[in-house]
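Numbering (our numbering), first residue to last: 362 to 430.
A quick write-up on the structure given underneath.
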Amino acid sequence: MYAAVRCPRCGRIILTKVIHKTRSCPHCGYRARIGELRFLGRAETPEQAVALIRMLKEREMRGEGRRTD
Ligand SMILES: [Zn+2]
């Protein structure tokens, strides 16, 4: 299974396989611990994962789901 998570350092959305313990952010290089991150969404297949990421990024561009803190 795949999951979309937000990088704790740079705030970008990254995609990871759930079986992985950690995931390096491709944007800032931060090694995030998957178990400590909130899943923004899940997907079973790579195709679903790509669609999920696209949906989340489009939503973010519209200003939804962005934290103000
Ligand atoms: Zn990052």
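Backbone N, C-alpha and C fix where the C-beta goes; we use that ideal spot for every residue, glycine too.
Could you say which of 369, 368, 372 and 378 lies nearest to residue 411 if we only look at CA atoms?
-> 378
Of the listed residues 419, 402 and 385, nearest to residue 362 (C-alpha basis) | 402
Residue 392: first and last residue of the uninterrupted beta strand (DSSP E) it sits in | 392-394
Excluding five sequence neighbours on each side, which residues of the same chain lie with their C-beta closer than 7 Å to the C-beta of residue 384?
-> 375, 377, 393 and 395
Where DSSP assigns a beta bridge to residue 376, which residues make up the other side?
-> 365
What are the boundary residues of the alpha helix (DSSP H) that includes residue 420?
-> 407-422
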